[in-house]
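Taking UniProt numbering, I'd label the letters of the sequence shown as residues 1 to 249.
Everything on this sheet refers to the single structure shown next.
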Amino acid sequence: MNRAATLTLNAPLLMLVAALALSTPFTAGAAPAFLDYAQQQTQQSQAQEKNDAASAKQHKKAARAQIIKKPVPTLHNYKKNHQPAGGDCTKDKLIQQLKKQLAATPQTDTAGANEQAALNKRINELQVALSAATAEKEALIKKAGVVQNNNLQQSQAAARQQIQQLTTQIQQAEAENKRLSASFTTLNKDKHALMTQLATTEKEKQAALEQVKALNADKQPLATRLAAAEKEKQAVLEQVKALTPISSR
Numbered sequence: 001m002n003r004a005a006t007l008t009l010n011a012p013l014l015m016l017v018a019a020l021a022l023s024t025p026f027t028a029g030a031a032p033a034f035l036d037y038a039q040q041q042t043q044q045s046q047a048q049e050k051n052d053a054a055s056a057k058q059h060k061k062a063a064r065a066q067i068i069k070k071p072v073p074t075l076h077n078y079k080k081n082h083q084p085a086g087g088d089c090t091k092d093k094l095i096q097q098l099k100k101q102l103a104a105t106p107q108t109d110t111a112g113a114n115e116q117a118a119l120n121k122r123i124n125e126l127q128v129a130l131s132a133a134t135a136e137k138e139a140l141i142k143k144a145g146v147v148q149n150n151n152l153q154q155s156q157a158a159a160r161q162q163i164q165q166l167t168t169q170i171q172q173a174e175a176e177n178k179r180l181s182a183s184f185t186t187l188n189k190d191k192h193a194l195m196t197q198l199a200t201t202e203k204e205k206q207a208a209l210e211q212v213k214a215l216n217a218d219k220q221p222l223a224t225r226l227a228a229a230e231k232e233k234q235a236v237l238e239q240v241k242a243l244t245p246i247s248s249r
């Protein structure tokens with residue numbers, strides 16, 4: 001009973017898995033993993049069915065052995081073992097019992113044969129589904145390889161373009177650095193010339209200040225001499241006036 005239920009449940013499930021593997025548009029990364037899972041489930045189902053078949057076969061052998069070992073009820077044995085109190089056993093009941101017992105054996109064999117045929121059919125279906133899923137898996141892996149190769153080529157092209165752009169930017173930066181270095185050198189030269197000119201101007205300024213100081217120093221004695229000369233001039237004029245006669249005045 002459990003084995004039949006397992007076959008009934010696994011059959012639609014595995015067929016659905018195979019159908020999904022063949023029809024659903026998986027991505028390149030998810031399809032191989034799903035197909036591996038479907039293959040694993042199929043293998044597990046096959047192993048379980050083989051185990052169930054072996055168990056059923058052993059059970060059938062045990063049932064046959066029990067039937068063979070079981071003594072065939074005769075009228076004498078049946079009367080001996082099943083003699084009801086106060087009544088006799090008829091031949092009709094014994095014949096009916098024998099017919100039922102004999103009819104049970106071919107039914108068991110027929111059920112086992114049908115079950116084996118159904119199992120073989122199911123195994124063939126699973127093998128076909130597995131082959132289709134494997135082919136689909138290989139196709140998806142190949143397609144994923146092509147897509148990955150294209151993506152790699154595109155990435156390499158983008159990387160080369162980016163490297164070229166960075167190289168151009170570096171060259172421009174180096175040229176700008178050289179230009180700025182030349183400008184800095186020129187500014188340093190101009191700065192040195194200006195500092196030299198400033199030092200010369202400062203020296204000239206100091207010399208002019210020294211000359212002004214010297215002139216200021218010479219100015220005071222000159223004024224004193226001029227005042228003394230003016231006094232002498234006045235004294236001479238006074239003497240001249242004194243010497244000149246009044247009449248001549």
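Ideal placement from N, C-alpha and C gives every residue a C-beta, glycine not left out.
Item: Assuming threonine 42 contacts leucine 126 (C-beta within less than 8 Å), just tell me the rounded distance between them.; Value: 5 Å
Item: State buried or exposed for leucine 215, treating a residue as buried only when at least 16 other CB atoms are found within 10 Å of its CB.; Value: exposed
Item: Check whether the stretch 124 to 140 touches the stretch 42 to 55, counting contact only when three or more Cβ pairs, one atom from each stretch, lie closer than 8 Å.; Value: yes
Item: Enumerate in chain order the residues of its own chain whose CB-to-CB distance from glutamine 116 is below 6 Å, with the five nearest sequence positions on each side excluded.; Value: none
Item: Whole angstroms is fine: what's the gap from alanine 235's alpha carbon to lysine 213's?; Value: 34 Å
Item: Taking the straight line between their C-alpha atoms, what separation do you get for valine 147 and leucine 140?; Value: 10 Å
Item: Taking isoleucine 163 and glutamine 46 to be in contact with their CB atoms under 8 Å, please state how far apart those CB atoms are, rounded to whole angstroms.; Value: Not really, about 54 Å apart at Cβ, beyond 8 Å.
Item: Which word fits lysine 137, buried or exposed, when buried means at least 16 other C-beta atoms lie within 10 angstroms of its C-beta?; Value: buried
Item: Please state whether DSSP places threonine 185 in a helix, a strand or coil.; Value: helix
Item: Can you grab the Cα-Cα spacing for the pair threonine 224 / glutamate 230, in whole Å?; Value: 10 Å
Item: Between the C-alpha atoms of lysine 165 and threonine 200, what's the straight-line distance to the nearest angstrom?; Value: Note that residue 165 is glutamine in the sequence shown, not lysine. When rounded, the distance between both Cα atoms is 52 Å.
Item: Measure the alpha-carbon distance for alanine 144 versus valine 128 and round it to whole angstroms.; Value: 24 Å
Item: Just how far apart, CA to CA, sit glutamate 238 and proline 221?; Value: 26 Å
Item: Alpha carbon to alpha carbon, how far is alanine 175 from histidine 192? Give it in angstroms, no decimals.; Value: 26 Å
Item: Can you tell me whether threonine 244 is helix, strand or coil according to DSSP?; Value: coil
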